[in-house]
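These notes concern the structure reproduced below.
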Amino acid sequence: MVNTATQPFTFQDYLAYDDGTDNRYELVDGQLVLMNPPRTEHLLIAKFLEKQLDTEIQRLGLPWLTFREAGVRTGFNKSRLADLCVVTREQAQELLGQSAVFQTPPQLIIEVVSPESITRDYRYKRSEYAAIEVPEYWIVDPLTAKVTVLRWEEGLYEETVFAGEQAIASPTLSELTLTVAQILAAGTIA
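According to our numbering, the sequence shown is numbered sequentially starting from 146.
Shown next as structure tokens:
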């Protein structure tokens with residue numbers, strides 16, 4: 146993660162920013178922060194989870210969509226790139242023809258931890274997602290072989306940690322059947 150600017154960016158500047166590269170940035174307190182490309186394991190886990198979420202959403206007939214690497218506005222001059230987020234069709238419809246940065250909280254956000262994102266995923270994103278009242282936030286951590294599910298309840302996140310063959314209990318998708326072991330196994334190539 147590299148801070149690329151010294152002049153403060155507004156949220157509108159961020160939405161319009163194009164440096165002519167494929168670089169991805171988060172906006173943190175008015176500064177553009179370059180995101181390192183994710184590790185292969187990270188991408189495989191995110192892809193697996195996206196498929197699982199899409200299948201469950203379709204099975205239940207919910208008016209929701211899953212996006213990878215979409216932006217989520219988390220403050221006045223803050224925007225994070227979520228590994229995965231589940232939003233309503235209405236939220237997605239509002240952004241057609243624009244940068245995919247949601248300005249209202251997604252139903253669910255999932256971050257996959259990489260060595261360089263530990264503090265960002267566990268601390269900064271957790272507090273920023275809480276500030277905008279994201280109902281459910283998962284931290285999938287292949288480094289410690291666990292999944293932390295944070296559920297927004299009465300102004301705070303209630304935390305449950307899952308490991309091994311434990312099934313993830315998702316308040317948003319209560320019938321989803323996934324274990325931590327399945328999720329982590331998706332990060333390997335057999």
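Using N, Cα and C, we set each Cβ at its ideal position, and we do this for glycine too.
Practice task
Would you give the residue range spanned by the alpha helix (DSSP H) that R169 belongs to?
Solution key: If you number the sequence shown from 1, residue 169 lands on position 24. Premise fails: R169 is in no alpha helix (DSSP H) and is neither H nor E.
Handout entry: Between the CA atoms of E171 and V292 - distance to the nearest angstrom
Key = Taking the first residue of the sequence shown as 1, we reach residue 292 at position 147. Taking the first residue of the sequence shown as 1, we reach residue 171 at position 26. Cα to Cα, the separation comes out at about 24 angstroms.
Practice task
Could you check what DSSP says for L318 in three-state terms: helix, strand or coil?
Solution key: As a first step, residue 318 must be located in the sequence shown, where it is residue number 173. Note: L318 maps to coil in three-state DSSP.
Problem - Alpha-carbon spacing of A150 relative to F212, whole angstroms - result: As a first step, residue 150 must be located in the sequence shown, where it is residue number 5. As a first step, residue 212 must be located in the sequence shown, where it is residue number 67. For A150, the predicted structure reports a pLDDT of 47, less than 50, and the residue's modelled location is therefore unreliable. A value from the coordinates is still provided. Computed Cα separation, rounded: 27 angstroms.
Problem - Where A150 sits in the DSSP three-state scheme - result: Here residue 150 refers to the residue found at position 5 when the sequence shown is read from its first residue. Since pLDDT at A150 reaches only 47, below the 50 mark, its modelled position is unreliable, and the value read off the structure follows with that caveat. A150 falls in the coil class under three-state DSSP.
Practice task
State the Cα-Cα distance for the pair E334 and P153, rounded to the nearest angstrom.
Solution key: Along the sequence shown, read from residue 1 onward, the residue named residue 334 stands at position 189. Along the sequence shown, read from residue 1 onward, the residue named residue 153 stands at position 8. First, the residue type needs correcting, since residue 334 is Ile and not Glu in the sequence shown. So the alpha carbons of these two residues sit roughly 42 angstroms apart.
Handout entry: Inter-residue spacing [alpha-carbon to alpha-carbon] between P183 and S259
Key = Within the sequence shown, numbered from 1, the residue matching residue 183 stands at position 38. Within the sequence shown, numbered from 1, the residue matching residue 259 stands at position 114. Straight-line Cα distance between these residues: approximately 7 angstroms.
Problem - Pick from L329, A331, G332 and L318 that is closest to T200, judged by C-alpha positions - result: Along the sequence shown, read from residue 1 onward, the residue named residue 200 stands at position 55. Sorting L329, A331, G332 and L318 by C-alpha distance to the C-alpha of T200 places L318 at the top.
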